[in-house]
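In my numbering, the protein residues as written are 73 to 784.
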Amino acid sequence: MVQEATSSAAEANPVSTELRGKILLVTVDNPPVNALGVAVRRGLMAAIEAADANPAVGAVLIVGAGRNFIAGADIREFGLPPQPPLLTEVCSRIEASRKPVIAAIHGAALGGGLEVALGAHYRIAVASAKLGLPEVALGLLPGAGGTQRAPRLVGAAAALDIILSGRHVGAAEALKLGLIDRVAQSDDTLAEGLAYAQELLAAQAGPRRSRDAQALADRATAQAAIDAARADVQKKQRHLFSPHKIVEAVQAALDKPFDEALKLERQFFMQCLDSPQRAGLIHAFFAEREVAKVPEAAAAQPRPFKTIGVVGGGTMGAGIAVAALDAGLPVTMVERDQVSIDRGRANVEKVYDGLVAKGRMTVEGQAAVMARFTGSTDYAAFKDVDLVIEAVFEDIEVKKAVFAELDRVCKPGAVLATNTSYLDIDAIAASISRPQDVIGLHFFSPANIMKLLEIVVPAKVSADVVATAFELAKKLKKVPVRAGVCDGFIGNRILAVYRQAADYLMEDGASPYEIDAAVREFGYPMGPFQVSDLAGGDIGWATRKRKAATRNPAARYVQIADRICERGWFGQKTQRGWYQYPQGSRSGQQDPEVLAIVDAERQRAGITPRSFSSDEIIRRYMAAMINEGANVVHQRIALRPLDVDVTFLYGYGFPRFRGGPMKYADMVGLDKVLADIREFAKEDPLFWQPSPLLVQLVEEGKNFESLNKAAA
Ligand code: 3H9
73 MVQEATSSAA EANPVSTELR GKILLVTVDN PPVNALGVAV RRGLMAAIEA ADANPAVGAV
133 LIVGAGRNFI AGADIREFGL PPQPPLLTEV CSRIEASRKP VIAAIHGAAL GGGLEVALGA
193 HYRIAVASAK LGLPEVALGL LPGAGGTQRA PRLVGAAAAL DIILSGRHVG AAEALKLGLI
253 DRVAQSDDTL AEGLAYAQEL LAAQAGPRRS RDAQALADRA TAQAAIDAAR ADVQKKQRHL
313 FSPHKIVEAV QAALDKPFDE ALKLERQFFM QCLDSPQRAG LIHAFFAERE VAKVPEAAAA
373 QPRPFKTIGV VGGGTMGAGI AVAALDAGLP VTMVERDQVS IDRGRANVEK VYDGLVAKGR
433 MTVEGQAAVM ARFTGSTDYA AFKDVDLVIE AVFEDIEVKK AVFAELDRVC KPGAVLATNT
493 SYLDIDAIAA SISRPQDVIG LHFFSPANIM KLLEIVVPAK VSADVVATAF ELAKKLKKVP
553 VRAGVCDGFI GNRILAVYRQ AADYLMEDGA SPYEIDAAVR EFGYPMGPFQ VSDLAGGDIG
613 WATRKRKAAT RNPAARYVQI ADRICERGWF GQKTQRGWYQ YPQGSRSGQQ DPEVLAIVDA
673 ERQRAGITPR SFSSDEIIRR YMAAMINEGA NVVHQRIALR PLDVDVTFLY GYGFPRFRGG
733 PMKYADMVGL DKVLADIREF AKEDPLFWQP SPLLVQLVEE GKNFESLNKA AA
């Protein structure tokens, strides 16, 4: 056995080679995920050169060390000057090898990782391997031959599906599609890869290049698939840049010789790389991983939890119960009486009934899940439960009464959580004998679907309870964001402010329909007035009434929404709100009577309406959001700007390709945002008070990202 280093700095080389008989074993070992940084690219290039030059080598086997084959290009290198060799050159060099090259895949073979495998001549994968070309999720396209080799191997329709969705393809499906040649019999990737290589050697199978594969031979079928994808992307992904380029790259695979099309793919890749969408999406990728890095999780071990309690069987409580059941946890739900607990159980069951009806769950599966659910009207049912989440009516006295019961029955060390969306958790914690165990877990509705979980950290909570909450989020597959205690925490506090900005815009002259249209054009799925109709106008109305007594009388207050609610127009559920929903339709129609109410309110307030361009609507809407986001960071309600970004990406429909409000602010330029705020302040200095943090950053010539970096 010959251990052969491919560079003089062997210890720094993440690609090692070892001759096993006639097979050159090439191992990529670049933790954590074997990303294809420059050293890996150089190592692979050198390994293939060495194999071609060495007569003792009959075949090459590429494997990944650790948990994955290769997870793709090194995303951290994007935006830096490219270092040779380019990955596309590496893949082409592998493909050009005179010796057969085999990729043996386990774990993730994603993006550039799969492209390396497609550059190889034969592919074997263990059954649990996940293959995919997820570049689209980063605002990119497969830029190392993926848009050319994949269609040639699996056809245009399958390739477009894989590349445009970015989904992970299991080994069995990959085999069926023709993306790989074999699914391994066992999980021993190395042994299986070596055996396959031996077999190929014995059969004298030479290189077999993906560029020569023939799955595009039926041109008419391929063209029809491309046309369908083009139409679909134009309709559904209007705002995005890279999907359109993906379709054109696959078109080139059909129209042009391989080498020419490969060059075009590179050009498209570079255009994507330079787009602000790439910057926004990659920010989102790292931000959603950074949010879980909080001081308490680093300092303390989570408390073990095996059982979950839920107080309240309404929409929220049932959704939380389903989220926990879906994660395999047993759930005990307590309600105040038999009727309520029956309704709570029915609310949980309804979710699974829906899955069964859609064929996504069997009746037996449903029964097995429901066997883990216990309903009770007695708090004593919580006596052995490790973590209880309260989801009762939003009233501090009601919540305190629930916590008094929990304090009485729960075992020492049980985590006691509240799902409140704005109440003072410090006050709830102070009302019982064990404030160190009390934390906020703010789920978003529907709680079994929405990914965001605000973990609200009161003053007296112990670090291990915070660590437990982050562990729970992981178990429930939620994206956790750490928030401090204040009215509305991160998300709802900021929402209240930009929602107000939308109301001011409306009273000053923009129609709710113009505002919604501008916000949709910005990339949101819905505008704020549509969201209000969906959520129910009565919810906001109740909040406004609650806050009326404490509202600053000098602050501007727009009454239009109250006029709408007074008529009982609460949105979709009443078939009328800001829009009309005839016969329960979900797509609203503009309502001239609403416009008349808006007009009457303007007159009452003595306002002469003016027109607003979409651009100005967005500038005001975003300035309000960013400014309050800066306040939230300044007051340490959010640890970092990226926590605000993730909150809005996962809880409020903020367009992911813009990276979140704070990333968007960085891209616009904080000086411009501040200049806007100062301009708007001339009309209403009370509302448009620049955040001290924003002012400070502009003065220091810094951006929000500098704070993310400083915290890392
Ligand atoms: C591409 O390939 C372009 C090419 O077509 C063309 C080029 C010319 N680079 O997710 P985890 C880090 S684009 C750098 O928590 P898991 C991650 O930030 C790429 N770093 O683990 C984290 O760091 P930290 C296409 C990366 O087990 C750590 O690794 N590929 C990369 O839950 C662990 O990650 C993709 O989009 C990377 N490529 O999931 C795949 N990937 O510990 C992206 C991860 O400091 N990656 N990191 O927080 C994934 O989907 C998941 O990471 C994976 C593992 C499924 C692999």
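Quick reminder that beta carbons are idealized off the backbone N, C-alpha and C, glycines included.
Given the structure is predicted, the values throughout are model-derived calculations rather than measurements.
Practice item. Would you grab the beta carbon distance between Val208 and Ile174 for me? Rounded to a whole angstrom, and I think it's under 8 Å. Key: Residue 208 sits at position 136 when you count from the first residue of the sequence shown. Residue 174 sits at position 102 when you count from the first residue of the sequence shown. Val208 to Ile174, Cβ: 28 Å. No contact.
**Study point:** N-terminal and C-terminal residue of the alpha helix (DSSP H) that Glu688 is part of
**Key:** Here residue 688 corresponds to residue number 616 of the sequence shown, with the count starting at 1. For Glu688, the enclosing alpha helix (DSSP H) starts and ends at Ser686 to His706.
Review point. Looking only at its own chain, which residues have a Cβ that is under 8 Å from the Cβ of Ala124, when we skip the five neighbours before and after it?
Key: Translated into positions along the sequence shown, residue 124 becomes position 52. Checking the displayed sequence, the identity of residue 124 turns out to be Asp instead of Ala. Hits under 8 Å: Ser169, Arg170 and Lys171.
Review point. Under a Cβ-count criterion, where at least 16 other Cβ atoms within 10 Å of its own Cβ denotes burial, should Ala86 be classed as buried or exposed?
Key: The count along the sequence shown starts at 1 and reaches residue 86 at position 14. The sequence shown places Pro at residue 86, not Ala. By the 10 Å Cβ count, Pro86 comes out buried.
Exercise for review: Count the CB pairs spanning the stretch 361-372 and the stretch 537-555 that are closer than 8 Å, and state whether there are at least three.
Suggested key: yes
Review point. Ala710 to Ala300, Cα distance in whole Å?
Key: Position 638 of the sequence shown, counting from 1, holds the residue named residue 710. Position 228 of the sequence shown, counting from 1, holds the residue named residue 300. Just so you know, the alpha carbons of Ala710 and Ala300 end up roughly 44 Å apart.
Review point. If you run the structure through DSSP and keep just helix, strand and coil, what is Lys546?
Key: Stepping through the sequence shown from its first residue, residue 546 is reached at position 474. Three-state result, Lys546: helix.
Check your understanding: When we look at the beta-carbon of Leu765 and count the other beta-carbons within 10 Å, is it buried (16 or more) or exposed?
Key -> Against the sequence shown, residue 765 aligns to sequence position 693. So Leu765 ends up on the buried side.
**Study point:** Burial state of Gln761 (16 or more Cβ within 10 Å)
**Key:** Here residue 761 refers to the residue found at position 689 of the sequence shown. By the beta-carbon neighbour count (other beta carbons within 10 angstroms, threshold 16), Gln761 is exposed.
Review point. With a cut-off of 8 Å, do at least 3 Cβ pairs link the stretch 404-422 to the stretch 373-390?
Key: yes
Exercise for review: Apply the 10 Å Cβ neighbour rule to Glu771 and answer buried if 16 or more other Cβ atoms are within range, or exposed otherwise.
Suggested key: Numbered from its first residue, the sequence shown carries residue 771 at position 699. By the neighbour-count rule (16 or more Cβ atoms within 10 Å), Glu771 is not buried but exposed.
Practice item. May I have the straight-line CA-CA distance separating Ser237 from Asp304, to the nearest angstrom? Key: Working through the sequence shown from its first residue, we reach residue 237 at position 165. Working through the sequence shown from its first residue, we reach residue 304 at position 232. Going by the C-alpha atoms only, they are around 12 Å apart.
Exercise for review: Please list, in chain order, all residues of the same chain as Asn102 whose beta carbon is under 6 Å from its beta carbon, the five residues on each side excluded.
Suggested key: Position 30 of the sequence shown, counted from the start, is the residue given in the question as residue 102. Scanning its chain for C-beta atoms nearer than 6 Å, with the 5 sequence neighbours on each side dropped, one finds around Asn102 the residues Pro86 and Val112, in chain order.
**Study point:** Nearest neighbour of Ala201, chosen from Ala256, Leu272, Val487 and Pro127 [CA to CA]
**Key:** Along the sequence shown, one-based indexing puts residue 201 at 129. It is Ala256.
Check your understanding: Near Ser534, which residues of its chain fall below 8 Å by C-beta distance, leaving aside the five closest residues on each side in sequence?
Key -> What you label residue 534 is simply residue 462 of the sequence shown in a count that begins at 1. Same-chain partners within the cutoff: Ala372, Gln508 and Asp509.
Check your understanding: Cα separation between Ala292 and Leu336?
Key -> Counted from its first residue, the sequence shown places residue 292 at position 220. Counted from its first residue, the sequence shown places residue 336 at position 264. Distance between the alpha carbons of Ala292 and Leu336: 22 Å.
Review point. Would DSSP call Leu205 helix, strand or coil?
Key: Here residue 205 is taken as the residue at index 133 of the sequence shown, counted from 1. Three-state DSSP puts Leu205 in coil, outside helix and strand.
Practice item. Could you pull out every residue in the same chain whose Cβ sits closer than 7 Å to the Cβ of Lys317, ignoring the five residues on either side in sequence? Key: As a first step, residue 317 is located in the sequence shown; it is residue number 245 there, counting from the start. Excluding residues within five positions, the ones whose Cβ falls inside 7 Å are Leu213, Phe340, Gln343 and Cys344.
Review point. Buried or exposed: which applies to Ala672, given that a residue is buried once 16 or more other Cβ atoms fall within 10 Å of its Cβ?
Key: Within the sequence shown, numbered from 1, the residue matching residue 672 stands at position 600. Classification of Ala672: exposed, given that the 10 Å Cβ count is below 16.
Exercise for review: Name, in chain order, the residues that DSSP records as bridge partners for Ser448.
Suggested key: The count along the sequence shown starts at 1 and reaches residue 448 at position 376. In DSSP, Ser448 forms a bridge with Val406.
Check your understanding: Any chance the stretch 639-649 sits against the stretch 551-568, with 3 or more Cβ pairs inside 8 Å?
Key -> no
Point to revise | Start and end residues, beta strand (DSSP E) containing Gly556 | key: Start at 1 with the first residue of the sequence shown, and residue 556 comes out as number 484. Here the beta strand (DSSP E) through Gly556 covers Val551 to Gly556.
**Study point:** Backbone CA spacing between Ala82 and Arg165 [nearest angstrom]
**Key:** Your numbering for residue 82 matches position 10 in the sequence shown. Your numbering for residue 165 matches position 93 in the sequence shown. At Ala82, the pLDDT of 40 sits below 50, so the modelled position is not reliable; the number obtained from the coordinates is stated separately. Computed Cα separation, rounded: 22 Å.
Point to revise | Residue interval of the beta strand (DSSP E) (run including Ala463) | key: Here residue 463 refers to the residue found at position 391 of the sequence shown. Looking at the DSSP string, Ala463 is not in any beta strand (DSSP E), and its letter there is neither H nor E.
Practice item. Please report how far the alpha carbon of Val537 lies from the alpha carbon of Asn491, in whole angstroms. Key: To locate residue 537, count along the sequence shown from 1; it is residue 465. To locate residue 491, count along the sequence shown from 1; it is residue 419. When rounded, the distance between both Cα atoms is 15 Å.
Exercise for review: If I'm right that Val716 touches Gly701 with Cβ under 8 Å, what's the distance once you round it to whole angstroms?
Suggested key: For the purposes of this step, residue 716 is identified with residue 644 of the sequence shown, where counting begins at 1. For the purposes of this step, residue 701 is identified with residue 629 of the sequence shown, where counting begins at 1. Contact holds; Cβ gap of about 4 Å.
Exercise for review: List the endpoints of the continuous alpha helix (DSSP H) containing Val366.
Suggested key: The residue you call residue 366 lines up with position 294 of the sequence shown. It is not in any alpha helix (DSSP H) - Val366 carries neither H nor E in the DSSP assignment.
Exercise for review: Tell me, please, whether the stretch 453-467 touches the stretch 423-438 by the rule of three or more beta-carbon pairs shorter than 8 Å.
Suggested key: no
Exercise for review: Could you tell me the boundaries of the beta strand (DSSP E) in which Thr490 lies?
Suggested key: Taking the first residue of the sequence shown as 1, we reach residue 490 at position 418. Val487 to Thr490 is the span of the beta strand (DSSP E), which, as asked, contains Thr490.
Point to revise | Other residues of its chain near Ile468: CB distance less than 6 Å, five sequence neighbours each side excluded | key: Position 396 of the sequence shown holds residue 468. The residues are Leu495.
**Study point:** Cβ neighbours of Glu76 in the same chain (closer than 6 Å, five flanking residues each side left out)
**Key:** The residue you call residue 76 lines up with position 4 of the sequence shown. Unreliable placement is indicated for Glu76, whose pLDDT of 38 sits below 50; the coordinate value is still reported in the next sentence. Thr89, listed in sequence order.
Practice item. Can you tell me which of Ala621, Gly185, Glu751 and Ile587 puts its alpha carbon nearest to the alpha carbon of Asp687? Key: Numbered from its first residue, the sequence shown carries residue 687 at position 615. When each option's Cα is compared against that of Asp687, the closest is Ile587.
Point to revise | Residues near Lys328 by beta carbon distance below 8 Å, same chain, minus five either side | key: Counted from its first residue, the sequence shown places residue 328 at position 256. Excluding sequence neighbours, Lys328 sits near Leu336.
Check your understanding: For Pro713, which of Ala321, Ser314 and Phe358 has the nearest alpha-carbon?
Key -> Along the sequence shown, one-based indexing puts residue 713 at 641. That would be Phe358, whose Cα lies nearest to the Cα of Pro713.
Point to revise | Extent of the continuous alpha helix (DSSP H) run through Tyr722 | key: Indexing the sequence shown from 1 puts residue 722 at position 650. In the DSSP annotation of this structure, the continuous segment of the alpha helix (DSSP H) that includes Tyr722 starts and ends at Pro713 to Gly723.
Point to revise | Per-residue DSSP class, three states only, for Thr219 | key: Here residue 219 refers to the residue found at position 147 of the sequence shown. Residue state, collapsed to three classes: helix.
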